[in-house]
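Okay, so here's the structure we're looking at.
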Amino acid sequence: TSEGIADKVYFLPVTTYFVEEIIKKERPDGILLAFGGQTALNCGAELYTQGVLDKYGVKVLGTSVEAIMYTEDRDLFVKKLDEIQMKTPVSQAVESMEDAIAAARKIGYPVMVRSAYALGGLGSGICFTVASMENFDPLGIHTGESIVVAPTCSLDDKELKLLQELSTKCIRHLGIVGECNIQYAFNSDTDDYRVIEVNARLSRSSALASKATGYPLAFVAAKIALGYSLDQIGEMGTPNSAYLAP
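Just so we're aligned, residue -1 is where the sequence shown starts under the working numbering, counting upward by one.
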């Protein structure tokens, strides 16, 4: 929202009502949903399902609404990753305390509880890892409240390569275009893993990854959404090329 970055800045709540009013006034060709955290994703998905985007001929650039929905809905997420035999924790979506207790008994303790549903045909590309990070605290402490170390220090190159390959497979299958992050629980004694979640948007981790590596994630994600390929962003063959992971 700094002056000079955007042609126009609106200081309004990110709700379907206000965003529709802006669309009505500005008549944009496209909209990006991955740049405003969870609020923007929810709002974008609502605009999409309510038919507002269709009504004004606004195209969703970058990661599609379908791909966002795959990552937002726990059940869809697990089913989608099952298609490529990716391991996720055994899970069950519940809506009441009784069901939750029954599900926990069935799955077996310890269980991890998380809000399951946060929401109200792509060309192939390169998915690469800009920064691997690890949480200092155990699973269960939110990443945003945890000490995070970048790059990952407690895994060897072979283990990191395994996680990176799994990430690429996963992100390609979900159809994500641009920036996202993927979280694993990983056992380095057995190389067993579970995909905890994928955030198909810029997050608090993204800001940290950008600073830790010097790779301008948001800038590159915006260019990709506009249709540029990685080899067209920055000069190829120089350290400023977006084509190379730092």
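Glycine residues also receive a C-beta, built at the ideal position from the N, C-alpha and C atoms.
Would you report the Cα separation of residue i and residue j, rounded to the nearest angstrom?
i           : j           : result
residue 149 : residue 30  : 29 Å
residue 212 : residue 244 : 8 Å
residue 84  : residue 193 : 8 Å
residue 138 : residue 132 : 13 Å
residue 218 : residue 96  : 46 Å
residue 276 : residue 162 : With the chain covering -1 to 244 only, the question about residue 276 has no answer from this structure.
residue 118 : residue 185 : Any reading at residue 118 must be qualified, since the residue scores a pLDDT of 31, below 50, and its modelled position is unreliable; the value itself is stated next. Approximately 35 Å between the Cα atoms of the pair.
residue 195 : residue 171 : 14 Å
residue 234 : residue 94  : 54 Å
residue 169 : residue 128 : 14 Å
residue 80  : residue 232 : 37 Å
residue 189 : residue 205 : 29 Å
residue 91  : residue 5   : 43 Å
residue 88  : residue 214 : 36 Å
residue 71  : residue 174 : 15 Å
residue 102 : residue 109 : 6 Å
residue 222 : residue 145 : 31 Å
On a Cα-Cα basis, can you pick out the residue from the options that is closest to residue i?
i           : options          : result
residue 26  : 57, 133, 221     : 57
residue 164 : 86, 218, 187     : 86
residue 210 : 52, 76, 155, 130 : 130
residue 37  : 24, 10, 19       : 10
What residue range is occupied by the uninterrupted alpha helix (DSSP H) comprising residue i?
i           : result
residue 135 : Taken as a continuous stretch (DSSP letters only), residue 135 belongs to no alpha helix (DSSP H), as it is neither H nor E.
residue 73  : 72 to 80
residue 97  : 95 to 105
residue 238 : First-last for residue 238: undefined, no H or E at that position.
residue 222 : 215 to 223
residue 15  : 14 to 24
residue 163 : 155 to 172
Check the C-beta distance from residue i over to residue j and give it rounded, since I have them as a contact under 8 Å.
i           : j           : result
residue 65  : residue 220 : Incorrect: roughly 17 Å between the Cβ atoms, too far for contact.
residue 241 : residue 228 : 4 Å
residue 238 : residue 203 : So it is not a contact: roughly 23 Å between Cβ atoms.
Between which two residues does the beta strand (DSSP E) harbouring residue i extend?
i           : result
residue 180 : 179 to 185
With a threshold of 8 Å between beta-carbons, can residue i be considered close to chain D, or not?
i           : result
residue 169 : The structure shown contains no chain D; it holds only a single protein chain.
I'd like to confirm something about residue i: is its beta-carbon nearer than 7 Å to some heavy atom of the ligand FMN, or not?
i          : result
residue 54 : Although the ligand FMN was asked about, the structure shown includes no ligands whatsoever.
Just checking, does the segment 8 to 15 make contact with the segment 42 to 51 on the three C-beta pairs under 8 Å criterion?
Segments in contact, yes.
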